Amino acid sequence: MDYTITCGPAIKALGGGRFAGYLVTWGNEATKDADGEWFTPETDFDTDFPARTSVYWHHGQDPAVGRQRLTHAQMDRDDFGIRVEGQLDVRNAKQAAIYRRVEAGEVGLSSGSPGHVTVPPRESPGGPIRQWPGIGHDCPLTPIPSDRRNIPFAVKSVPL
Numbered sequence: 000m001d002y003t004i005t006c007g008p009a010i011k012a013l014g015g016g017r018f019a020g021y022l023v024t025w026g027n028e029a030t031k032d033a034d035g036e037w038f039t040p041e042t043d044f045d046t047d048f049p050a051r052t053s054v055y056w057h058h059g060q061d062p063a064v065g066r067q068r069l070t071h072a073q074m075d076r077d078d079f080g081i082r083v084e085g086q087l088d089v090r091n092a093k094q095a096a097i098y099r100r101v102e103a104g105e106v107g108l109s110s111g112s113p114g115h116v117t118v119p120p121r122e123s124p125g126g127p128i129r130q131w132p133g134i135g136h137d138c139p140l141t142p143i144p145s146d147r148r149n150i151p152f153a154v155k156s157v158p159l
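Okay, so the sequence shown: first residue is 0 according to numbering that gives the first Met the number 0, each after it adds one.
1. Measuring alpha carbon to alpha carbon, tell me which of T46, T141, Q86 and T39 ends up nearest G126.
2. Starting from R100, follow the alpha helix (DSSP H) in both directions and report where the run begins and ends.
3. Taking the alpha carbon of W37 as the reference point, which residue from F18, L140, F79 and R66 has its own alpha carbon closest?
4. In this structure, how does DSSP classify G59 when only helix, strand and coil are distinguished?
5. How about S110 and D137: do their beta carbons lie closer than 8 Å?
6. Does the beta-carbon distance from T46 to H71 come in below 8 Å?
Encoded structure:
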């Protein structure tokens, strides 16, 4: 079974391990992601908001962190998209390292949904996403987002 991933805008470090940001941002043709897709307020997430979501590092794909759930975050929707707020345990070395990357602006939020239940289906991506069930099961912090509005980068100097 495949797994589908898309991302929202960058997250903010709120201090002491706390973070907040948009897991999903409403979009349109001009803001489509790397797969040519976007979320709308009409997207069916099969979730009753407010809700709670599990937070992972990079969809469980980093061998150093693995598929360990880092924490839970609170999730709600508004006029901009679906916002989450959570707390990492900065006493834990791996979570503290991830939080330093959040503070440095190197991390965005992402959402995942099993590919066989998304609409449009994974075999024919493109257009507005009509169904994205399971949003509360996978809310990773990631340095590699699909949504180009959330590509974290830092410029220290530019030679002229």
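Where is the CB? At the ideal position from N, CA and C, for every residue including glycine.
Predicted model, so just to flag it, every value in this text is computed and none were measured.
So, from the data block:
1. For the purposes of this step, residue 126 is taken as the residue at position 127 of the sequence shown. When each option's Cα is compared against that of G126, the closest is T39.
2. For the purposes of this step, residue 100 is taken as residue 101 along the sequence shown, with counting starting at 1. Here the alpha helix (DSSP H) through R100 covers A92 to E102.
3. On the sequence shown, position 38 is the one that residue 37 refers to. Answer by Cα proximity: F79.
4. For the purposes of this step, residue 59 is identified with residue 60 of the sequence shown, where counting begins at 1. Reduced to three states, the DSSP call for G59 is helix.
5. Indexing the sequence shown from 1 puts residue 110 at position 111. Indexing the sequence shown from 1 puts residue 137 at position 138. Yes.
6. The residue you call residue 46 lines up with position 47 of the sequence shown. The residue you call residue 71 lines up with position 72 of the sequence shown. Taking 8 Å as the Cβ cut-off, T46 and H71 do not qualify as a contacting pair.
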